[in-house]
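A.B. asks: Sharing a structure below in structure tokens format, with a few things to ask.
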Amino acid sequence: MPRYFTDEHEWIDVEGETATVGITDYAQEQLGDIVFVELPDVGAILDKGGDAAVVESVKAASDVYSPITGEVTEANSALEDEPALVNSSADEEGWFFRMTLSDRDELEGLMDDKAYKAFVDNL
Amino acid sequence: MSAPNKSGWKPQMEPAQEGMHNGPTTTTGNRALMLEEPLLFEIGHAETTGVDLPEVDPAAPNRLAGLERTEPAGLVGLTEPEAIRHYTRLSRQNYGIDLGFFPLGSCTMKHNPRLNEKVARMPGFADIHPLAPQSTVQGALEVIHELGNWLCKLTGMPSVAMSPKAGAHGELCGILAIRAAHTARGNPREVVLVPESAHGTNPATAAFAGYKVEDIPATPEGRVDVEALKARMGPDVAGVMITNPNTCGLFERDFRTIADAVHEAGGYVYCDGANFNAIVGRVRPGDLGVDAMHINLHKTFSTPHGGGGPGSGPVVFSDALAPFAPLPFVRRHEDGSFDLVEEEQRETSRGQAFGRMTAFHGQMGMFTRALTYMLSHGADGLKQVSEDAVLNANYILRSLEDILHAPFADSGPCMHEALFGDKDFGGGLSTIDLAKGLIDEGYHPMTVYFPLVVHGAMLVEPTETESKASIDQFITAFRSVAERALAGDESLKQAPYYAPRRRLDETAAARKPKLKWEPAAE
Amino acid sequence: MRYLPLTDTDRTDMLERIGAASVDDLFVDVPALAQLDGPIRDLPMRASEMAVERHMQARATKNLAAGDAPFFIGAGAYRHHIPASVDTVIQRGEFLTAYTPYQPEIAQGTLQMLFEFQTQVANLYGCAVANASLYDGSTACWEAVAMAGRLTKRKRAVLSGALHPHYSQVVKTMAQFTGDTIADAQPSIQTEPDLEGLTARIDDDTACVVVQYPDILGRITDLSAIADAAHAKGALLVVVNTEPVALGAIKSPGQMGADIVVGEGQSIGVGLQFGGPYLGLFAVRNPKHVRQMPGRLCGETTDAEGKRGFVLTLSTREQHIRREKATSNICTNSGLCALAFSVHMTLLGEKGLRELAAENHRLACIAADRLANVPGVSLLNRAFFNEFTLMLDGKPARDIVRELADRGVLGGVSLGRLYPGIEALEQALLVAVTETTTAEDIETLAIELEALVKEAAQ
Chain A
1 MPRYFTDEHE WIDVEGETAT VGITDYAQEQ LGDIVFVELP DVGAILDKGG
51 DAAVVESVKA ASDVYSPITG EVTEANSALE DEPALVNSSA DEEGWFFRMT
101 LSDRDELEGL MDDKAYKAFV DNL
Chain B
1 MSAPNKSGWK PQMEPAQEGM HNGPTTTTGN RALMLEEPLL FEIGHAETTG
51 VDLPEVDPAA PNRLAGLERT EPAGLVGLTE PEAIRHYTRL SRQNYGIDLG
101 FFPLGSCTMK HNPRLNEKVA RMPGFADIHP LAPQSTVQGA LEVIHELGNW
151 LCKLTGMPSV AMSPKAGAHG ELCGILAIRA AHTARGNPRE VVLVPESAHG
201 TNPATAAFAG YKVEDIPATP EGRVDVEALK ARMGPDVAGV MITNPNTCGL
251 FERDFRTIAD AVHEAGGYVY CDGANFNAIV GRVRPGDLGV DAMHINLHKT
301 FSTPHGGGGP GSGPVVFSDA LAPFAPLPFV RRHEDGSFDL VEEEQRETSR
351 GQAFGRMTAF HGQMGMFTRA LTYMLSHGAD GLKQVSEDAV LNANYILRSL
401 EDILHAPFAD SGPCMHEALF GDKDFGGGLS TIDLAKGLID EGYHPMTVYF
451 PLVVHGAMLV EPTETESKAS IDQFITAFRS VAERALAGDE SLKQAPYYAP
501 RRRLDETAAA RKPKLKWEPA AE
Chain C
1 MRYLPLTDTD RTDMLERIGA ASVDDLFVDV PALAQLDGPI RDLPMRASEM
51 AVERHMQARA TKNLAAGDAP FFIGAGAYRH HIPASVDTVI QRGEFLTAYT
101 PYQPEIAQGT LQMLFEFQTQ VANLYGCAVA NASLYDGSTA CWEAVAMAGR
151 LTKRKRAVLS GALHPHYSQV VKTMAQFTGD TIADAQPSIQ TEPDLEGLTA
201 RIDDDTACVV VQYPDILGRI TDLSAIADAA HAKGALLVVV NTEPVALGAI
251 KSPGQMGADI VVGEGQSIGV GLQFGGPYLG LFAVRNPKHV RQMPGRLCGE
301 TTDAEGKRGF VLTLSTREQH IRREKATSNI CTNSGLCALA FSVHMTLLGE
351 KGLRELAAEN HRLACIAADR LANVPGVSLL NRAFFNEFTL MLDGKPARDI
401 VRELADRGVL GGVSLGRLYP GIEALEQALL VAVTETTTAE DIETLAIELE
451 ALVKEAAQ
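Protein chains in written order, with the numbering used here: chain A, 1 to 123; chain B, 1 to 522; chain C, 1 to 458.
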């Protein structure tokens with residue numbers, strides 16, 4: 001299953017017509033201890049690059065953007081009680097939401113694992 | 001996602017290591033004069049009281065329509081001696097200006113003269129009702145008018161709105177007047193330009209007023225990029241919000257050019273007056289093309305900060321915006337009497353006023369204090385105030401720039417505050433560690449992680465009310481802690497060691513908020 | 001100058017370290033057109049402490065202090081006795097000259113006090129969580145309307161006609177800029193508040209209904225029905241209280257189903273001060289709403305040694321982090337007023353508050369009966385706490401209030417002052433009575449009122 005990255009530090013896994021979105025380990029490291037995650041409602045229609053979620057540490061808050069256009073099908077309710085999952089497992093258990101993939105072409109401009117690593121190394 | 005954590009502020013807390021304190025653990029948890037104090041709800045009782053009032057007669061007839069409170073509210077009381085001790089003990093866990101040097105940048109923690117307190121408590125000011133017949137409060141209306149006159153003269157502006165309750169409220173007042181003025185001309189416009197270094201209230205205020213906020217870029221020397229701003233000006237821009245002196249502690253030397261460009265494009269200039277203390281009595285913002293500016297009476301004019309308010313934020317206006325200022329305001333008649341212009345006189349006196357921002361007429365208790373302070377200093381004393389404030393800040397900047405990263409040290413003299421960053425700190429240490437180390441040295445730390453344009457920012461504002469000896473001692477202490485930070489001294493990570501509390505777990509507080517005392521479960 | 005410690009020698013030495021020839025060199029970035037050649041003109045020069053005190057005293061004595069006259073003014077600000085120890089505590093430099101507790105390790109005094117204050121306010125209001133205060137009741141009222149909009153994602157607020165007119169004005173002023181629709185009304189001169197009329201104005205787009213309790217005419221009524229009506233339409237009930245002492249005698253708004261309770265805390269500990277600084281109280285019944293609350297919040301935690309301590313928390317709601325996406329642009333609260341409130345409330349306790357409320361109500365009943373006996377004067381309210389509405393025959397109440405003042409009596413607030421130009425309200429006079437009111441005060445008002453009303457009838 002391919003994983004793509006945005007230059008805004010979101011990752012997206014695509015499996016058939018469904019995508020899973022989270023933030024990268026680099027992003028969680030920058031934020032510090034995550035204390036709250038505000039997730040989109042199931043059924044919400046997200047635009048590529050539009051606001052999708054909010055992730056908060058004690059002294060910072062960041063908007064998480066949707067990497068693609070689609071409809072939210074599931075939000076990771078585990079984050080409501082345990083936002084620390086984003087710190088301990090940003091790449092896996094700390095995923096944010098799942099959405100439909102409506103336009104495969106939108107994946108084109110995204111980075112692969114290697115490109116993102118190079119991108120972060122240059123920051 | 002949007003820029004993750006621009007300021008770089010990551011509160012950290014590790015469990016304390018054993019053995020960092022001298023001496024044995026005490027039974028009470030007290031350490032001599034450092035006294036622990038339980039919560040009010042752990043020592044008070046529902047039936048204890050510190051006032052003597054007649055007992056309630058449950059049989060007495062009442063007109064409460066059957067709405068009598070039948071269950072206790074859950075309050076507790078203390079007798080007077082217990083209450084005085086409770087609050088005195090709590091007070092001793094606080095740092096205040098009275099106790100020591102408090103260089104909290106941008107907050108202007110200057111000495112609060114006690115005459116101000118005495119005057120504010122005169123019954124003729126403290127014990128009058130805002131809705132008392134105006135014939136019975138002429139002296140109070142005169143004070144508001146007199147203070148307004150001082151503010152106009154000091155800023156070189158023709159008009160003032162006195163009712164805003166604090167700086168952020170004043171900011172809102174200014175931006176709402178700008179929106180009202182544009183709306184009256186048929187188009188409120190869409191965008192307000194704000195420098196990236198601005199205080200968070202600026203974008204929050206502009207957004208509240210329905211404006212889209214766009215960043216103005218800064219030059220490498222820490223000032224507004226005039227050419228970029230000029231290029232962005234257009235018919236969609238309602239105005240700019242610029243802090244001057246700015247949050248990097250520098251005077252915006254091109255302010256007049258900026259103002260002219262904004263005016264030419266039909267916009268208005270809002271100046272955030274948070275840093276007015278640097279120029280009061282020496283520079284009048286009105287001469288620089290400002291249309292609206294709020295003044296924090298608790299910063300420049302020495303009213304107490306009170307542990308976080310109350311503030312007071314009068315706003316001065318140019319002729320262009322004056323007609324839109326909110327109600328009420330005090331008017332002086334030719335016979336020397338005063339009255340309040342309220343909604344009733346709106347049609348005749350101020351048809352374009354954008355409305356009312358608060359019940360009654362503003363922070364009278366702060367007005368009496370601020371006017372007392374102004375009269376004490378006079379025009380000559382206030383000039384000395386800004387000169388000494390700027391002198392002290394430059395002295396600190398030049399005494400520390402050799403060891404600490406001072407990003408704008410080459411941009412000319414600073415104004416009332418000196419800005420440093422945490423570049424080159426060793427051992428993974430950051431600004432927070434230096435700040436906590438300063439606590440152990442007996443200082444309140446400077447403002448940290450603001451402005452956002454400098455990583456690990458440290459904003460030091462000494463004010464004019466410190467002696468040279470006090471500043472010299474601070475410089476010595478600051479240098480020593482900075483040297484430890486640069487050397488990566490691990491022990492700083494656990495600082496403070498000697499405060500009433502060690503580092504607090506802010507993460508736990510935010511993850512599972514406990515915002516109210518609850519009785520222990522049975 | 002007595003507030004400036006630097007000596008001329010200090011200044012010279014410091015300029016030398018800086019490498020500047022004179023202080024003017026530090027202001028080189030100020031453009032020439034804004035450079036002044038000396039102190040600003042048309043303002044006085046420095047003055048001694050004695051001279052300044054004399055100047056201010058001269059202005060203070062021109063005012064008629066509430067304590068120097070029979071006093072019955074309320075309408076959103078009330079005169080109560082404040083125990084001497086309240087002022088002693090708030091003048092301690094560690095409270096007076098501290099700031100927002102940004103460094104919690106050296107601000108536990110302010111923080112613990114705020115935690116206690118939040119608990120007192122939440123319990124008094126019958127709510128789950130209260131914040132660390134806002135500017136005053138009127139601005140808190142607007143913040144409640146804005147918060148209800150965020151929670152319901154609706155943009156219409158229904159205001160009771162019996163909400164303090166300044167509060168309505170503030171809400172309407174702010175709503176002009178946010179695009180919210182505000183449905184307000186005039187108060188109706190009736191024995192009971194018009195809850196049916198209010199219910200009829202709630203629709204499916206309504207974010208909140210705002211009701212004052214006790215209301216601007218001093219009336220009190222059970223709000224449970226209006227809470228149900230609001231909830232049935234998916235709207236929230238915002239209850240405004242301008243006299244917290246009342247809650248020592250009557251049910252809390254939270255008990256009657258209010259979702260957001262806001263109010264003016266001035267009555268307890270703060271004093272009249274000609275309208276400010278006052279103390280905005282803000283609480284919510286549902287703890288899940290806390291992330292949409294405005295203002296600062298203090299929370300409990302532990303330090304590195306495991307000891308209990310307090311910090312400001314959930315600050316990502318606030319402007320300094322969220323900037324243009326903040327819940328409000330507010331920075332400071334009313335910290336020192338919150339302290340005064342908390343100390344006074346601690347001295348009262350549950351017992352003292354009940355007794356204080358009972359004493360206010362007892363005296364108000366006596367005053368209402370005595371004044372309603374004055375020929376040409378009648379009492380509007382069936383129920384009230386410590387403030388009620390009198391209807392006067394003859395002249396508008398506004399003129400009567402001025403004439404009473406000329407006779408040295410501060411006799412109340414005319415509805416004509418609060419709602420100018422509305423004929424139906426012209427004869428109404430609001431009278432507030434507290435524990436500071438004496439039997440002689442009541443008798444004086446009755447006698448003077450009788451004379452003036454009689455004069456007007458002739």
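Glycine included, each C-beta is placed from N, C-alpha and C at the ideal position. Everything numeric in this text was worked out from a predicted model, so none of it was measured.
Out of curiosity, what's the CA-to-CA distance linking B/L53 and C/H80?
C.D. replies: Your numbering for residue 53 of chain B matches position 53 in the second sequence. Your numbering for residue 80 of chain C matches position 80 in the third sequence. Approximately 13 Å between the Cα atoms of the pair.
A.B. asks: Ends of the beta strand (DSSP E) at C/T327?
C.D. replies: Working through the third sequence from its first residue, we reach residue 327 of chain C at position 327. That residue, C/T327, is in no beta strand (DSSP E); it is neither H nor E in DSSP.
A.B. asks: Is C/I182 helix, strand or coil by DSSP?
C.D. replies: As a first step, residue 182 of chain C is located in the third sequence; it is residue number 182 there, counting from the start. Residue state, collapsed to three classes: strand.
A.B. asks: Taking Cβ-Cβ distances below 9 Å as the criterion, which residues of the segment 348 to 375 of chain B are in contact with chain C?
C.D. replies: Result list: F354, G355, R356, M357, T358, A359, F360, H361, G362, Q363, M364, G365, M366, F367, T368, L371, T372, Y373, M374, L375.
A.B. asks: For A/A60, return the contacting residues in chain C, with the cut-off set at a CB-CB distance below 9 Å.
C.D. replies: Position 60 of the first sequence holds residue 60 of chain A. Chain C residues near A/A60: T316, I321.
A.B. asks: Verify the CB distance criterion: does A/D33 have a CB-CB separation below 9 Å to chain B?
C.D. replies: Translated into the one-based positions of the first sequence, residue 33 of chain A becomes position 33. Chain B, which has a Cβ nearer than 9 Å to the Cβ of A/D33, makes this yes.
A.B. asks: Could you tell me the distance, in whole angstroms, from the CA atom of C/A364 to the CA atom of C/T434?
C.D. replies: Reading the third sequence from its first residue, position 364 is the one you call residue 364 of chain C. Reading the third sequence from its first residue, position 434 is the one you call residue 434 of chain C. Using only the alpha carbons, I get a separation of about 7 Å.
A.B. asks: Just tell me which of B/T219, B/A322, B/F450 has its CA closest to the CA of B/C152.
C.D. replies: The residue you call residue 152 of chain B lines up with position 152 of the second sequence. Considering only alpha carbons, the answer is B/A322.
A.B. asks: Comparing C-alpha positions only, which one of C/A227, C/Y278, C/G67, C/D68 sits nearest to C/A136?
C.D. replies: Indexing the third sequence from 1 puts residue 136 of chain C at position 136. Residue identity differs from the one stated: residue 136 of chain C is Asp in this sequence, not Ala. The option with the nearest alpha carbon to C/D136 is C/Y278.
A.B. asks: Counting along the chain, where does the beta strand (DSSP E) carrying B/Q138 start and finish?
C.D. replies: The sequence position of residue 138 of chain B within the second sequence is 138, counting from 1. First-last for B/Q138: 138 to 155, but that is the alpha helix (DSSP H), not the beta strand (DSSP E).
A.B. asks: Which chain A residues are close to B/P11, counting only those with a beta carbon under 8 Å from its beta carbon?
C.D. replies: Reading the second sequence from its first residue, position 11 is the one you call residue 11 of chain B. Within chain A, the residues near B/P11 are G32, D33, V58, K59.
A.B. asks: When the Cα of C/L404 is compared with those of C/L452, C/T173, C/R201, which residue comes out closest?
C.D. replies: On the third sequence, position 404 is the one that residue 404 of chain C refers to. Considering only alpha carbons, the answer is C/L452.
A.B. asks: Please list, in chain order, the residues of the segment 2 to 23 of chain A that have any C-beta partner in chain B closer than 8 Å.
C.D. replies: Residues E8, H9, E10, I23.
A.B. asks: Restricting to runs no shorter than 3 residues, where is the beta strand (DSSP E) found entirely within the segment 365 to 432 of chain B?
C.D. replies: Listed in chain order, they are 418 to 420.
A.B. asks: I'd like the span of the beta strand (DSSP E) that includes A/T20, first residue to last.
C.D. replies: For the purposes of this step, residue 20 of chain A is taken as residue 20 along the first sequence, with counting starting at 1. Here the beta strand (DSSP E) through A/T20 covers 18 to 23.
A.B. asks: Going along chain D, which residues have a C-beta under 8 Å from C/R46?
C.D. replies: Judged by its chain identifiers, the structure shown contains no chain D, and its protein chains are A, B and C.
A.B. asks: My output table needs one value for A/W11: the three-state DSSP class, helix, strand or coil.
C.D. replies: Stepping through the first sequence from its first residue, residue 11 of chain A is reached at position 11. Strand at A/W11.
A.B. asks: At 8 Å on the CB atoms, spell out the chain A contacts of B/M1, in chain order.
C.D. replies: As a position in the second sequence, residue 1 of chain B is number 1, starting the count at 1. Within 8 Å Cβ-Cβ: E8, H9, E10, I23, A27, V55, S62, D63, V64, Y65.
A.B. asks: Considering just the uninterrupted stretch of the beta strand (DSSP E) at B/H294, what are its terminal residues?
C.D. replies: If you number the second sequence from 1, residue 294 of chain B lands on position 294. First-last of the beta strand (DSSP E) with B/H294: 292 to 294.
A.B. asks: Starting from the Cα of B/R369, find the closest Cα among B/M446, B/V119, B/R89 and give me that residue.
C.D. replies: Residue mapping note: residue 369 of chain B aligns to position 369 of the second sequence, counting from 1. Ranking B/M446, B/V119, B/R89 by Cα distance to B/R369 puts B/V119 first.
A.B. asks: Could you tell me which whole beta strand (DSSP E) segments of length 3 or greater appear in the segment 165 to 251 of chain C?
C.D. replies: If we require 3 residues or more, the beta strand (DSSP E) runs fully inside the segment 165 to 251 of chain C come out as 181 to 183, 206 to 212, 236 to 241.
A.B. asks: Could you confirm whether any beta carbon from chain A is found closer than 9 Å to the beta carbon of B/N202?
C.D. replies: As a working note, residue 202 of chain B is residue 202 in the second sequence. It does not; no Cβ of chain A falls within 9 Å.
A.B. asks: For B/K212, report the span of its alpha helix (DSSP H) as first-last.
C.D. replies: Residue mapping note: residue 212 of chain B aligns to position 212 of the second sequence, counting from 1. It is not in any alpha helix (DSSP H) - B/K212 instead sits in the beta strand (DSSP E) that spans 212 to 216.
A.B. asks: Over the uninterrupted alpha helix (DSSP H) stretch that includes C/M345, give me the two end residues.
C.D. replies: Walking along the third sequence from the start, residue 345 of chain C turns up at place 345. Element bounds for C/M345: 335 to 372.
A.B. asks: Taking only beta-carbon positions, decide if B/P4 is within less than 9 Å of chain A.
C.D. replies: For the purposes of this step, residue 4 of chain B is taken as residue 4 along the second sequence, with counting starting at 1. So yes, B/P4 belongs to the interface.
A.B. asks: Just to confirm the assignment: which complete beta strand (DSSP E) runs, minimum length 3, are found wholly within the segment 22 to 98 of chain A?
C.D. replies: The qualifying runs are 34 to 38, 51 to 57, 61 to 65, 70 to 75.
A.B. asks: Applying the criterion that 16 or more other CB atoms from any shown protein chain within 10 Å of the CB defines a buried residue, is B/S491 buried or exposed?
C.D. replies: To locate residue 491 of chain B, count along the second sequence from 1; it is residue 491. B/S491 is exposed by the Cβ-count criterion.
A.B. asks: Starting from B/Y87, follow the alpha helix (DSSP H) in both directions and report where the run begins and ends.
C.D. replies: Start at 1 with the first residue of the second sequence, and residue 87 of chain B comes out as number 87. From DSSP, the alpha helix (DSSP H) with B/Y87 extends over 80 to 91.
A.B. asks: By DSSP's criteria, B/H45 is part of a beta bridge. Which residues make up the other side?
C.D. replies: As a working note, residue 45 of chain B is residue 45 in the second sequence. According to DSSP, which records beta bridges pairwise, B/H45 is partnered with B/G77.
A.B. asks: In the DSSP assignment, find the unbroken alpha helix (DSSP H) run with B/F338 in it and report its ends.
C.D. replies: In the second sequence, residue 338 of chain B corresponds to position 338, counting from 1. Run containing B/F338: none in the alpha helix (DSSP H); it sits in the beta strand (DSSP E), 338 to 341.
A.B. asks: What are the start and end residues of the alpha helix (DSSP H) that includes B/V262?
C.D. replies: Stepping through the second sequence from its first residue, residue 262 of chain B is reached at position 262. Residues 255 to 264.
A.B. asks: When the Cα of B/G266 is compared with those of B/K493, B/V213, B/V192, B/N392, which residue comes out closest?
C.D. replies: As a working mapping, residue 266 of chain B is identified with position 266 in the second sequence. Nearest of B/K493, B/V213, B/V192, B/N392 to B/G266, Cα basis: B/V192.
A.B. asks: Looking at the strands, I want to know which residues DSSP matches up with B/P195.
C.D. replies: As a first step, residue 195 of chain B is located in the second sequence; it is residue number 195 there, counting from the start. DSSP output for B/P195 lists B/I216 as bridge partner(s).
A.B. asks: Could you tell me whether the Cβ of A/F96 comes closer than 9 Å to any Cβ of chain C?
C.D. replies: Within the first sequence, the letter at position 96 stands for residue 96 of chain A. Chain C contact via Cβ: absent.
A.B. asks: Nearest-angstrom Cα distance between B/F208 and C/I90?
C.D. replies: Here residue 208 of chain B refers to the residue found at position 208 of the second sequence. Here residue 90 of chain C refers to the residue found at position 90 of the third sequence. Near 34 Å, if we compare the C-alpha coordinates of C/I90 and B/F208.
A.B. asks: Around the C-beta of B/S197, are 16 or more other C-beta atoms found within 10 angstroms, so that it is buried, or is it exposed?
C.D. replies: In the second sequence, residue 197 of chain B corresponds to position 197, counting from 1. Buried, because 16 or more other Cβ atoms sit within 10 Å of the Cβ of B/S197.
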